[in-house]
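2 protein chains.
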Amino acid sequence: MSISRNDIKDAYQQIQNHICTQIERADGKGRFVSDHWTREGGGGGHTRILSHGAVLEKAGVNFSAVEGKLDERLKKHLKTDADAFFATGVSIVMHPSNPHVPIIHMNIRYFELDNGIYWFGGGIDLTPHYVVEDDAKFFHSSLKTVCDKYDGSFYPKFKTWADDYFFIPHRNETRGIGGIFYDQLKEHEGLSKEEIFSFSKDLGMLFPTVYSELIERNRNRSFSESEKEWQYVRRGRYVEFNLVYDRGTKFGLESNGRTESILMSLPEQAKWFYNYQVNKDSNEQHTLDLLKKGINWI
Amino acid sequence: MSISRNDIKDAYQQIQNHICTQIERADGKGRFVSDHWTREGGGGGHTRILSHGAVLEKAGVNFSAVEGKLDERLKKHLKTDADAFFATGVSIVMHPSNPHVPIIHMNIRYFELDNGIYWFGGGIDLTPHYVVEDDAKFFHSSLKTVCDKYDGSFYPKFKTWADDYFFIPHRNETRGIGGIFYDQLKEHEGLSKEEIFSFSKDLGMLFPTVYSELIERNRNRSFSESEKEWQYVRRGRYVEFNLVYDRGTKFGLESNGRTESILMSLPEQAKWFYNYQVNKDSNEQHTLDLLKKGINWI
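Protein sequence lines, in the order shown, are assigned to chains A and B.
In the numbering used here, each residue's number is its place in the first sequence (first place is 1) plus 45.
In the numbering used here, each residue's number is its place in the second sequence (first place is 1) plus 45.
What follows is the structure, encoded as structure tokens:
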């Protein structure tokens, strides 16, 4: 029996719960608050926010399942003559307090049209304020392991896709050390819809494991005021990426999505200094040197 | 004799100097530092930044005069078959420390193609963290006086244009209390190129007079920590407008402009809280109630 949209919706909802439980455990102090919302036109969501935890300054885990008519603009955009759509997904961004703990983002999503066309999309990417090569290797290896379970071509393909997607042209920098990004994924040679669905669930389940480990490795490292300042600057770049380039953010804002759930990805606090310069041979410069496409972290 | 592009460039450069001198006087402590830059492809600019003055936390006054070949994308965008362009202008954004002093923005610009087509554009708009009706009236009246010198239709037309332009759809708020905005302005019934040029210079000269007055009126007002927090939130909205909607910012970033000069408009520090709410009957709510199009401030 084929999986239904409700199966996917239910699974994603459970993944949201699992992630929140695990991340609360990793943080040790913060608790997620809940915001249920409905969408004019059909469906709704559940936004969960943790603020001022022991590790996390601001963390959002959003689940949504929405449906509705496709307007002309959307039909054109999707190059379809279908009349209605259904979309469900989980979106996460977490901003830690300690600049030695990385920012992380994850998204898994499923999209379906009423003419039977469907696809999965998603990704996980890591944005360390200070790149730690061992952590980067651990992060990418973990993603590769999940990818390899399904298709040997997934990791190299989706890793390159992430490098290209999470890129800030006007800074000539990647947002962070990348990860994986995929879209329009449907059944193809040797891989069924069930397996692609399963791939997305595995990524959702991997998320708290990987991030908890990165938290544990770095949460007790001390930091200076200037390292904190650098974190605010890097968060500024994160804001630039999300507001100028991120397709999900742009699509959400343009299509009259729920603003607070879309912009939960922004850090609590960010800074911009004119022509901010870092010292030669500093840790900041070392990180800048690694914000490039095409690095093999494994 | 007709005015040349060099006349306009020189006048705008002098206006930049005048503004910096007057704003240093108004601030009383801060000094503008200079950054001269050249543009690959032709021309360059002079960015002046004042940081951590007595009143101004971050203020940028940018002058540029650039020229070059029109690539295919730009030809299409401008619907022209001209081969080369020249553009000069002054752009300003000032972020004060005290939340009772408003954020201000000004731009005057001139654009010319090698087929003889030209136009002027520009605007001034005010973004108070707390709207003061008297200040709003003073600000709009000052703009109207300059507009009326040239054309009785300018103020109502350009005021409406500003309301529509400086608007944040995903917040359903105007950026601030508006001002004037105009574009594609060229000689027309009764108004010569010289007069339109003169209008833009008058706006440039008006800027420091008006802003100095607004600084004087509000610089010594005391503020609480929660008012400071509100300022950071309003600055966050300013960032959202500039990065998501502002055409000058988007065009600059896309056309490989000088990133630091474009993004000098961003505040030194901004904040985003999930679902930030203000108290009923508070000054913050009063301001939100006035962030609407179509208010007659005079």
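Just so it is clear, CB atoms sit at the ideal spot from N, CA and C, and this is done for glycine as well.
Practice problem: Tell me, please, whether the CB atom of E313/B is closer than 7 Å to any CB atom in chain A? | Solution: Yes - at least one Cβ of chain A is within 7 Å of the one on E313/B.
Practice problem: Residues of the segment 93-116 of chain A with a CB closer than 9 Å to any CB of chain B: list them in chain order, please. | Solution: For chain B, the residues of the segment 93-116 of chain A that bring a beta carbon within less than 9 Å of one of its beta carbons are I94, S96, K103 and G105, in chain order.
Practice problem: Below 6 Å CB to CB, which residues in the same chain sit around R279/A once its five sequence neighbours on both sides are set aside? | Solution: The residues are H174.
Quiz item: By Cβ distance, which residues of its chain are closer than 7 Å to G167/A, with the 5 residues on each side in sequence left out?
Solution: Same-chain partners within the cutoff: N152, I153, R154, Y227, S245 and L248.
Quiz item: Is any heavy atom in the ligand NAP found nearer than 6 Å to the beta carbon of Q276/A?
Solution: Judged by which ligands are present, the structure shown has none, so any question about the ligand NAP falls away.
Quiz item: Roughly how far, in whole angstroms, is the beta-carbon of T92/A from the beta-carbon of G105/A, given that I think they are within contact range, below 8 Å?
Solution: Contact flag correct, Cβ pair sits at about 7 Å.
Self-check item: Beta-carbon neighbours of H215/A, restricted to chain B and to distances below 7 Å
Solution: Within chain B, the residues near H215/A are L298 and T304.
Exercise. Look up V278/B in the DSSP assignment and say whether it is helix, strand or coil.
Key: Of the three classes helix, strand and coil, the one that applies to V278/B here is helix, per DSSP.
Self-check item: DSSP state of W82/B mapped onto helix, strand, coil
Solution: Looking at W82/B - three-state DSSP - the assignment turns out to be strand.
Practice problem: Report the three-state DSSP secondary structure of G134/A (helix, strand or coil). | Solution: For G134/A, the secondary structure class from DSSP, reduced to helix, strand or coil, is strand.
Exercise. Could you tell me which of V191/B, N143/B and V78/B sits nearest to E240/B, measuring between CA atoms?
Key: Nearest C-alpha to E240/B: V191/B.
Exercise. Identify the contact partners of F318/B in chain A, using a Cβ-Cβ distance below 7 Å as the criterion.
Key: Result: E313.
Practice problem: Can you pull the chain A residues whose beta carbon is under 8 Å from the beta carbon of E285/B, in chain order? | Solution: Near E285/B (Cβ distances below 8 Å), the residues of chain A are L288 and L308.
Self-check item: beta strand (DSSP E) segment containing E112/A, residue limits
Solution: Annotation: the continuous beta strand (DSSP E) that includes E112/A extends over L101 to K114.
Self-check item: Proximal residues, the segment 79-94 of chain B versus chain A, C-beta separation under 9 Å
Solution: Listed by position along the chain: D80, T92 and I94.
Quiz item: Considering only the beta carbon of each residue, do I225/B and L251/B sit closer than 7 Å?
Solution: Taking the C-beta atoms as reference points, L251/B is found no nearer than 7 Å to I225/B.
Quiz item: For V284/B, which residues of its own chain have a beta-carbon under 8 Å away from its beta-carbon, when the five flanking residues on both sides are left out?
Solution: Cβ neighbours of V284/B beyond the five flanking positions: L311, P312 and A315.
Quiz item: Should the segment 283-297 of chain B be called in touch with the segment 204-213 of chain B, which here means at least 3 C-beta pairs below 8 Å?
Solution: These segments touch.
Exercise. Taking 7 Å as the cut-off, decide whether the C-beta atoms of I149/B and Y256/B are in contact.
Key: Taking C-beta atoms as the reference points, I149/B and Y256/B count as a pair closer than 7 Å.
Quiz item: Which value, in whole angstroms, describes the spacing of the CA atoms of K204/A and S47/B?
Solution: Our two residues, K204/A and S47/B, have alpha carbons roughly 58 Å apart in a direct line.
Quiz item: Taking C-alpha atoms, which residue in P141/A, I260/A and D126/A lies nearest to R118/A?
Solution: When each option's Cα is compared against that of R118/A, the closest is D126/A.
Quiz item: DSSP puts H140/A in a beta bridge; with which residues?
Solution: H140/A pairs with K103/A.
Quiz item: Leaving out the 5 sequence neighbours to the left and right, which residues in its chain are closer than 7 Å to Y195/A when beta-carbon positions are compared?
Solution: Cβ neighbours of Y195/A beyond the five flanking positions: L236, E240 and F244.
Self-check item: 3 or more residues per run - each beta strand (DSSP E) lying fully within the segment 142-188 of chain B
Solution: Within the segment 142-188 of chain B, complete beta strand (DSSP E) segments of at least 3 residues are found at 148-158 and 163-172, given in chain order.
Quiz item: Using CA coordinates, which residue listed in I64/B, N320/B, D180/B and S136/B is at the minimum distance from E305/B?
Solution: Selected option, being the one with the closest Cα: S136/B.
Quiz item: Thinking C-beta only, is T172/A closer than 7 Å to R220/A?
Solution: Their beta carbons are under 7 Å apart, which means R220/A touches T172/A by this criterion.
Quiz item: With a CB to CB cut of under 6 Å and the five nearest residues on each side skipped, what residues in its chain are close to S109/A?
Solution: If we look at S109/A and ignore the five residues flanking it on each side, its Cβ neighbours are G90.
Quiz item: Relative to the alpha-carbon of E270/A, which residue among S142/A, H215/A and Y163/A has its alpha-carbon at the smallest distance?
Solution: In terms of CA proximity to E270/A, S142/A leads the group S142/A, H215/A and Y163/A.
Exercise. Please name the residue in I222/B, S267/B and F242/B whose C-alpha comes closest to that of H331/B.
Key: Taking only the C-alpha atoms, the option nearest H331/B is I222/B.
Practice problem: Consult DSSP for S257/A and reduce its assignment to one of helix, strand or coil. | Solution: S257/A: helix per DSSP, three-state reduction.
Exercise. Note down the Cα distance separating V177/B from N263/B, rounded to an integer number of angstroms.
Key: Going by the C-alpha atoms only, they are around 10 Å apart.
Exercise. Give the secondary structure of F212/A by DSSP, where H, G and I count as helix, E and B as strand, and everything else as coil.
Key: Correct three-state label for F212/A: strand.
Self-check item: Where A127/B sits in the DSSP three-state scheme
Solution: In the structure shown, A127/B sits in coil (DSSP, three-state: anything other than H, G, I, E or B).
Quiz prompt | Separation of F184/A from H215/B, as counted between CA atoms | solution = The straight-line gap from Cα to Cα measures roughly 35 Å.
Practice problem: For V78/A, count neighbouring Cβ atoms within 10 angstroms of its own Cβ and tell me buried if that reaches 16, exposed if not. | Solution: So V78/A counts as exposed.
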